[in-house]
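Numbering (full-length UniProt numbering), first residue to last: 1 to 392.
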Amino acid sequence: MRSEDLSTWCIMFNWSSIGMCIVLVQKDLVVVKPGWIFDPQPPSNPTLHPHRSTPKRWNPSHPSLSHLQILNPISSGTYGTVSRALSSQTNTVLAVKQTPLSPTHNNGFPTPTLREITSLHTLSHERIVTLVEAILTPESVYLVMEYLPHDLQSLLASHPGRFTLSETKTLLSHLTSGLGYLHRKWLVHRDIKPSNLLLGPHGLKIADFGSSRLIGEPRPGNLTSVVTTLWYRAPEVLLGERFYGREVDLWATGCVFAELVKCVPVMEGRTETDQLDKISTVCGGFDAAWPKWRALSNAGLVKSSGKKKGALRDMFGDSLTERGLDLLQGLLTLDPEKRLSAEEVLNHEWFTEHPQPKDMTLFPSFPSRAGREKRLADDEPEKPPREKKVHL
């Protein structure tokens, strides 16, 4: 299918492994819902119908944007815009992510959006944001999702010091519960950071699956190193590891944990080299904790690899108990093979000591900005300049 055919013919995506395809014909709208196949023609082509059971079908009288009243923008970026919308069908407020189609890229369909639809289609968990439907038009793809009024980054910026230790325990348990579910599904999120963690009356949910990736055993070796916002990027990814896995999400979780305690990011690098230097300062020298790091392709980016002591205990000794420090150190372990798993985090003794995790009904109320709501954009660059590799 040629990209210039976008407006006159069709775009078709067929994922037989998850039983979904998207078909756009002659500028008609097609709505995608989990488990549905949409085909305006009779089932003459078996490749469009991978389900063994009889699939639900597209009804041409229903697919449209008319049931969604856009209320106000929430955020915007290179991917497009996210807005609040009111559904006339359910009388509920939803979040709508609009991403323009590009006729010069991937037959018009943005890869992050494709990843997000594919991932969310297979997921159902209380700590994962729900995809309600996807609507495809000749100009844009719209992901309609449940709406949560806050994201963690905006709350940390506008209400510094707001979260108590008991509230931090609740939020961290919600995050690792969602990650545990993802990892059992062999899915890695690859962009865990406060702005992708949404908060509502029922707790925290993980959002933005545009960087997510299915992995397996043995792990694929073609994974990109340009994942996860720089401040939350695991050291093995910075150093060029291409066989990484779930551990990158747990490193980012450790960074979020530290930020919840300190109310500011704890490792704010400007470049990959600077980020590795910040990691070494906080977590200690690479040689003592992870001898295998020198075999990675970007090992030359490390300025100092000695056995220096990290500053983690000095930074958090007055904020966390010994068990809390042990948990944080377990997440921010340089060696990915020794890093805690989501299950190990949830079973950690820190959650059982005083204070206990707080029930969400007891959380303070955060001011609703409703029509004025606009989430903060990330301050640090998504893609730092690539630096010259020096092999040791």
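The C-beta atom is built at its ideal place from N, Cα and C for all residues, glycine as well.
Values in this document were obtained by computation on a predicted structure and should not be read as measured data.
Does the contact criterion of 3 or more C-beta pairs under 8 Å hold for the stretch 77–85 versus the stretch 170–186? In short, these stretches do not touch, since the Cβ pair count stays below three.
Assess, as a yes-or-no matter, whether the stretch 236–244 is touched by the stretch 145–159 under the definition of 3 or more beta carbon pairs within less than 8 Å. no
Residues that LEU156 bridges to, as DSSP identifies them: Bridge partners of LEU156: none, in fact.
Compute the Euclidean distance between the alpha carbons of PHE363 and ILE128, then round it to the nearest angstrom. 20 Å
Proximity winner among LEU71, PRO73, SER140, VAL132, relative to SER102 (alpha-carbon distances): SER140
Among the residues of its own chain, which have a CB less than 8 Å from the CB of ALA295, if the five just before and after it don't count? none
Give the range of the beta strand (DSSP E) segment to which SER76 is assigned. 68–77
Residue range of the unbroken beta strand (DSSP E) whose run includes GLY330: Here GLY330 belongs to no beta strand (DSSP E); instead the alpha helix (DSSP H) covers 322–331.
Counting only runs that start and end within the stretch 206–271, where is the alpha helix (DSSP H) found for 4 or more residues in a row? 235–238, 247–262
Can you check whether the CB of ALA95 is closer than 7 Å to the CB of residue 401? What the structure shows of the chain is the stretch from 1 to 392, and residue 401 is not part of that stretch, so it cannot be assessed.
What does the Cβ neighbour count give for ILE70, buried or exposed, with the cut at 16 atoms within 10 Å? For ILE70, the number of other beta carbons within 10 angstroms of its own is below 16, and it is reported as exposed.
Can you give me the C-alpha to C-alpha distance between PRO112 and LEU143, rounded to a whole angstrom? 12 Å
Terminal residues of the beta strand (DSSP E) in which PRO100 lies: 93–100
SER319: first and last residue of the uninterrupted alpha helix (DSSP H) it sits in: Counting along the chain, SER319 falls outside any alpha helix (DSSP H), and DSSP gives it neither H nor E.
Restricting to Cα atoms, I'd like to know which of LYS338, LEU328, MET315, ASP318 is closest to TRP290. LYS338
Counting along the chain, where does the alpha helix (DSSP H) carrying ARG184 start and finish? 165–184
What are the boundary residues of the beta strand (DSSP E) that LEU131 is part of? 131–136
Who pairs with ALA288 in a beta bridge, going by DSSP? Its beta-bridge partners do not exist; DSSP assigns none.
Can you look up ASP359 in the DSSP assignment and give me helix, strand or coil? coil
Determine the contact status of LEU331 and LEU340, defining contact as a CB-CB distance below 7 Å. yes
State the DSSP-derived secondary structure class of ASP191, mapped to helix, strand or coil. coil
Do you know offhand how far THR137's Cα is from GLY80's? 15 Å
How about GLY210 and ARG115: do their beta carbons lie closer than 7 Å? yes
Reduced DSSP category for SER280 - H, G, I as helix; E, B as strand; rest coil: helix
Along the beta strand (DSSP E) that carries ALA85, what are the first and last residues, could you check? 80–87 is the extent of the beta strand (DSSP E) around ALA85.
What is the residue span of the beta strand (DSSP E) that SER119 lies within? First-last for SER119: 111–122, but that is the alpha helix (DSSP H), not the beta strand (DSSP E).
Which residues does DSSP pair with SER140 in a beta bridge? Per DSSP, PRO100.
According to DSSP, simplified to helix, strand and coil, what is ASP151? strand
Limits of the alpha helix (DSSP H) - the one that LEU346 falls within: 342–346
Excluding sequence positions up to five away, which residues of its chain have a Cβ less than 6 Å from the Cβ of GLU349? ARG323
Residues near THR229 by beta carbon distance below 6 Å, same chain, minus five either side: LYS193
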